[in-house]
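In my numbering, the protein residues as written are 1 to 560.
Presented below is the structure to which this report refers.
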C-alpha cells in the first residue's frame with residue numbers, strides 16, 4: 001500500500017481481513033485505528049478539535065497550532081502517537097508519527113509547521129479495505145493490562161514482588177515496552193486466539209498479493225472439515241465423471257483444441273461436476289494438481305496433450321469412438337449427499353448458499369425536470385424509481401391533454417415537457433416510448449445495493465445512495481508475454497466484494513494462481529488477475545454471489 005505522503009508500506013491484517021498494523025519502509029510499525037481502539041494503551045495521545053479532524057480527513061497532516069491541552073508527558077520526535085478529540089480524549093480518530101517534541105512544557109503551540117505526520121485517519125481509504133463496519137467506540141479503558149503468567153513451583157520465593165497492586169506505573173511501562181509487540185494479537189483482536197503470542201510474518205501486501213497454487217493451506221472448522229464432506233475417492237470420482245460428461249457433450253458441441261488445461265478445467269470440467277460441495281476441489285483430489293489429473297486421464301485414453309511453456313495443453317479429446325464416452329449417461333448436477341443417514345439440522349452449509357443481491361436505481365429531479373414532478377405534487381428534492389417517473393409522466397400527459405389524437409403512440413410537447421426532456425423547441429411531438437428514458441437522463445441518477453443474506457451490509461447502506469447508475473463488473477481476457485492468457489476482473493468493490501477474499505475464491509474455482517493489484521497507481525479500485533482463460537468460471541462464481549449477468553461485461557481480447 002501507499003500512505004498519503006507517498007511512502008510505500010506493508011499492511012498487516014488479521015484472519016478476518018481487518019487491518020491491524022502498517023509497516024513503513026523506514027522500519028516504523030504503526031498500529032491502525034482498529035488496533036488503537038482495541039489496545040488504547042499502546043500509544044501516547046495528542047488532542048485536537050473537530051474542525052481540525054475534517055482537515056485531517058482531507059489529507060492534511062496535523063499542524064502545531066492544531067494541538068490542544070492536555071499535552072502528553074513524553075513524546076519526542078519520531079514517537080508513534082494517536083490523535084483524539086478534546087471532547088473524547090480516550091478515543092483515537094487518527095494515528096501518526098510526531099515530527100516535533102509534543103511533550104508537555106516543550107511544545108510551543110504558537111509556532112507554525114507540522115506536528116504529526118498522518119498515517120491513518122478515520123474513514124480514510126484504509127477503512128474501505130475492510131468491508132465489515134466497525135462502529136467508533138463510545139468509551140475505552142486506557143489502563144495497561146497486566147500480563148498473567150503461570151507460576152511454577154519456586155517462582156513465588158524467587159520473585160520479590162508477588163502483589164500486583166505494588167507494581168508501579170514505571171513497571172507497567174516496562175511491561176508494555178517489552179511485550180506489546182509479542183502479544184499484539186492477544187491484545188488487539190477479541191476474536192483471535194488467546195494463545196497467539198506473536199505476530200506471524202505476512203508476506204502478502206496490498207501492492208501485489210500472490211495467492212498462488214503452492215500456498216500452504218490452513219485448517220479451519222468450516223465445511224471442508226465437515227464430517228459430511230466427501231472422501232478423496234468420491235472427489236476423484238466426481239472429477240472423472242465431470243470429464244466424461246464434458247467429453248460426451250463435446251460429441252454434439254465440439255470443443256476447439258488445442259486448449260490450455262487450466263482453461264479446459266475452468267470452462268468445462270468444473271461446470272460439469274456431479275454435485276456441489278466446498279470440498280470438491282482439485283487440491284482435494286489424489287492428484288492435487290490439474291496437470292497431473294489430465295496426464296492420468298491421458299493414460300486412460302480420454303484425451304491427449306503435451307507440455308508447452310510450462311503448462312499442459314490438451315491437443316485432442318476422446319469422442320464417440322471411445323466406448324466409455326459414447327455410453328456415458330448425462331446427469332444433472334445436484335447437492336452432495338453422503339451415503340449414510342443424514343445428521344439432524346439443516347442440510348446445506350452456509351458457504352454453499354447463494355447470495356441474492358438487490359440493486360435499485362433512483363432518480364432525483366434537476367431544476368429543468370422539477371415542474372413535471374411538481375405537477376403530481378412530488379417533492380423535487382427527493383428520489384424516485386423508474387416506475388414512479390413513468391407514472392409521473394402519464395399524469396402530466398393526461399392532465400395537460402398532450403396525447404397526439406392523430407397518432408396515440410406519440411405525445412405532443414409543451415414548453416415544460418420540451419425543456420424537461422432536453423429537446424429542441426422546434427420538435428412538436430415525440431414517441432411515447434422515448435420520453436421516460438429522456439426524462440431519466442435529465443435527472444441525477446443514484447443506486448442502492450442490498451443483500452438478502454447480509455443484514456450487516458443492509459444496515460450500513462440503509463440510508464446511503466451511491467451516485468450514478470448500477471455499476472458493471474468487467475471481465476477482461478488478454479494475452480501477455482506471447483501466448484500466455486490472463487483474465488482480469490475489475491469493479492467488484494461497488495457490489496461489496498473484497499478483492500483479496502474474492503481472489504482466494506477464484507484461485508480455488510479456477511485452479512490457477514491469482515493476484516490483486518491497483519488498477520492504476522493511486523486508484524482506489526483493484527483488479528483481480530487469474531492465470532488462464534476463466535470467463536465462464538468467474539461468471540458462475542459472481543452469479544453465486546448474487547451478481548446478475550446484466551451487471552457483467554465481458555471483453556475478450558485474447559481471441560482477437
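Here a beta-carbon is modelled for each residue, glycine too, at the ideal position from N, C-alpha and C.
Values in this document were obtained by computation on a predicted structure and should not be read as measured data.
Buried versus exposed, by CB contacts within 10 Å (16 or more), residue 542:
Here the question's residue 542 lines up with position 542 in the chain shown. Looking at its Cβ environment, which holds 16 or more other Cβ atoms inside 10 Å, residue 542 is buried.
Determine the DSSP secondary structure at residue 396, reduced to helix, strand or coil.
On the chain shown, position 396 is the one that residue 396 refers to. In the three-state DSSP reduction, residue 396 falls in the helix class (H, G or I).
Tell me the DSSP bridge mates of residue 23?
Position 23 of the chain shown, counted from the start, is the residue given in the question as residue 23. Secondary-structure assignment with DSSP links residue 23 through a beta bridge to 10 and 29.
Find out if the Cβ-Cβ distance for the pair residue 64, residue 115 is shorter than 7 Å.
Translated into the one-based positions of the chain shown, residue 64 becomes position 64. Translated into the one-based positions of the chain shown, residue 115 becomes position 115. Yes, the pair counts as a contact, with Cβ atoms nearer than the cut-off.
Taking the Cβ atom as the reference point for each residue, do residue 425 and residue 418 lie within a distance shorter than 7 Å?
To locate residue 425, count along the chain shown from 1; it is residue 425. To locate residue 418, count along the chain shown from 1; it is residue 418. For residue 425 and residue 418, yes; Cβs fall inside 7 Å.
Helix or strand or just coil, what does DSSP make of residue 163?
Residue 163 sits at position 163 when you count from the first residue of the chain shown. Its pLDDT being 40, under 50, residue 163 is placed unreliably in this model, and the coordinates cannot settle the point.
Three-way DSSP call (helix, strand, coil) for residue 40 in this model
For the purposes of this step, residue 40 is identified with residue 40 of the chain shown, where counting begins at 1. Note: residue 40 maps to helix in three-state DSSP.
Output needed for residue 104: all residues of its chain with C-beta closer than 8 Å, excluding positions within five of it in sequence on either side, in chain order.
The residue labelled residue 104 in the question sits at position 104 within the chain shown. Correct list, in chain order: 70, 71, 72 and 73.
Between residue 262 and residue 229, how many whole angstroms is the CB-CB distance? I'm expecting something under 8 Å.
Here residue 262 is taken as the residue at index 262 of the chain shown, counted from 1. Here residue 229 is taken as the residue at index 229 of the chain shown, counted from 1. Beta-carbon to beta-carbon, residue 262 and residue 229 are separated by about 25 Å, too far to satisfy the 8 Å threshold.
What is the residue span of the alpha helix (DSSP H) that residue 430 lies within?
Within the chain shown, residue 430 is the residue found at index 430, counting from 1. Careful: residue 430 lies outside any alpha helix (DSSP H), inside the beta strand (DSSP E) at 429 to 431.
Among 394, 247, 236 and 498, which has the Cα closest to the Cα of residue 314?
Start at 1 with the first residue of the chain shown, and residue 314 comes out as number 314. For the set 394, 247, 236 and 498, the Cα lying nearest the Cα of residue 314 is the one of 247.
Verify whether the separation of the beta carbon atoms of residue 562 and residue 531 is less than 7 Å.
Residue 562 falls outside the range modelled here, since the chain spans only 1 to 560, and no answer is possible.
Is the number of C-beta pairs between the stretch 28 to 45 and the stretch 117 to 128 that are closer than 8 Å three or more?
Inter-segment contact for the stretch 28 to 45 and the stretch 117 to 128 is present: three or more beta-carbon pairs are separated by less than 8 Å.
Would you check if the distance between the CB atom of residue 494 and the CB atom of residue 469 is smaller than 7 Å?
Sequence index remark: in the chain shown, residue 494 carries index 494 (1-based). Sequence index remark: in the chain shown, residue 469 carries index 469 (1-based). No, the pair does not count as a contact, with Cβ atoms beyond the cut-off.
Inter-residue Cα distance where the pair is residue 38 and residue 109
As a working mapping, residue 38 is identified with position 38 in the chain shown. As a working mapping, residue 109 is identified with position 109 in the chain shown. About 30 Å.
Is residue 235 near residue 284, with beta carbons less than 7 Å apart?
By one-based count along the chain shown, residue 235 stands at place 235. By one-based count along the chain shown, residue 284 stands at place 284. Going by C-beta atoms, residue 235 is nearer than 7 Å to residue 284.
Of all the options 515, 555, 376 and 395, which has the alpha carbon lying nearest to the alpha carbon of residue 528?
In the chain shown, the residue the question calls residue 528 occupies position 528. Closest by alpha carbon: 515.
Sufficient close CB pairs (3 or more, under 8 Å) joining the stretch 532 to 539 to the stretch 378 to 398:
The stretch 532 to 539 and the stretch 378 to 398 do not touch, with fewer than 3 CB-CB distances between them shorter than 8 Å.
Nonlocal neighbours in the same chain, by C-beta distance under 7 Å from residue 17, ignoring five residues either side:
For the purposes of this step, residue 17 is identified with residue 17 of the chain shown, where counting begins at 1. If we look at residue 17 and ignore the five residues flanking it on each side, its Cβ neighbours are 130, 498, 500 and 501.
Does the distance from the CB of residue 36 to the CB of residue 95 come in under 7 Å?
On the chain shown, residue 36 is found 36 positions in, with the first residue counted as 1. On the chain shown, residue 95 is found 95 positions in, with the first residue counted as 1. In this structure, residue 95 lies closer than 7 Å to residue 36 by Cβ.
Relative to the C-alpha of residue 550, which residue among 358, 299 and 264 is closest?
Counted from its first residue, the chain shown places residue 550 at position 550. A check of alpha carbon separations from residue 550 across 358, 299 and 264 identifies 358 as the nearest.
What is the residue span of the alpha helix (DSSP H) that residue 263 lies within?
Counting from one through the chain shown, the residue named residue 263 turns up at place 263. Element bounds for residue 263: 261 to 264.
Determine whether the beta carbon atoms of residue 436 and residue 390 lie at a separation below 7 Å.
In the chain shown, counting from the first residue as 1, residue 436 sits at position 436. In the chain shown, counting from the first residue as 1, residue 390 sits at position 390. Residue 436 is a Cβ neighbour of residue 390, given a cutoff of 7 Å.
Look at the alpha carbon of residue 385 and the alpha carbon of residue 255, and state the distance between them as a whole number of angstroms.
The residue you call residue 385 lines up with position 385 of the chain shown. The residue you call residue 255 lines up with position 255 of the chain shown. C-alpha separation (whole angstroms): 45 Å.
Under the three-state reduction of DSSP, which class applies to residue 67: helix, strand or coil?
By one-based count along the chain shown, residue 67 stands at place 67. Residue state, collapsed to three classes: coil.
Roughly how many whole angstroms lie between the Cα atoms of residue 570 and residue 93?
Examination of residue 570 is not possible in this model, given that the chain is present from 1 through 560 alone.
Please report the straight-line C-alpha distance between residue 241 and residue 15, rounded to a whole angstrom.
Looking up residue 241 in the chain shown gives position 241. Looking up residue 15 in the chain shown gives position 15. Answer to the nearest angstrom: the Cα atoms are 36 Å apart.
Can you check which of these residues, 444, 363 and 412, is closest to residue 433 by C-alpha distance?
One-based indexing of the chain shown puts residue 433 at position 433. Check the Cα spacing between residue 433 and each of 444, 363 and 412: the tightest is with 412.
Check whether residue 441 and residue 364 have beta carbons under 7 Å apart
Numbered from 1 along the chain shown, position 441 holds the residue referred to as residue 441. Numbered from 1 along the chain shown, position 364 holds the residue referred to as residue 364. No, the pair does not count as a contact, with Cβ atoms beyond the cut-off.
First and last residue of the alpha helix (DSSP H) that includes residue 292?
In the chain shown, counting from the first residue as 1, residue 292 sits at position 292. From DSSP, the alpha helix (DSSP H) with residue 292 extends over 290 to 299.
Beta-carbon separation (whole angstroms), residue 47 vs residue 91, contact threshold 8 Å:
Here residue 47 refers to the residue found at position 47 of the chain shown. Here residue 91 refers to the residue found at position 91 of the chain shown. With 8 Å as the limit, residue 47 and residue 91 do not qualify as a contact, their Cβ atoms being about 11 Å apart.
Would you check if the distance between the CB atom of residue 370 and the CB atom of residue 477 is smaller than 7 Å?
Locating residue 370 in the chain shown gives position 370, counting from the first residue. Locating residue 477 in the chain shown gives position 477, counting from the first residue. No, these two residues do not count as a Cβ contact at 7 Å.
Taking C-alpha atoms, which residue in 483, 311 and 317 lies nearest to residue 304?
Here residue 304 is taken as the residue at index 304 of the chain shown, counted from 1. Taking only the C-alpha atoms, the option nearest residue 304 is 317.
DSSP has residue 360 in a bridge; who is on the other side?
For the purposes of this step, residue 360 is taken as residue 360 along the chain shown, with counting starting at 1. As computed with DSSP, residue 360 is found in a beta bridge with 448.
Three-state class that DSSP yields for residue 326 in the structure shown
Within the chain shown, numbered from 1, the residue matching residue 326 stands at position 326. DSSP places residue 326 in the helix class (H, G or I) of the three-state scheme.
Does residue 73 come out as helix, strand or coil in the three-state DSSP assignment?
For the purposes of this step, residue 73 is identified with residue 73 of the chain shown, where counting begins at 1. In this structure, DSSP gives residue 73 a state outside helix and strand, which the three-state scheme calls coil.
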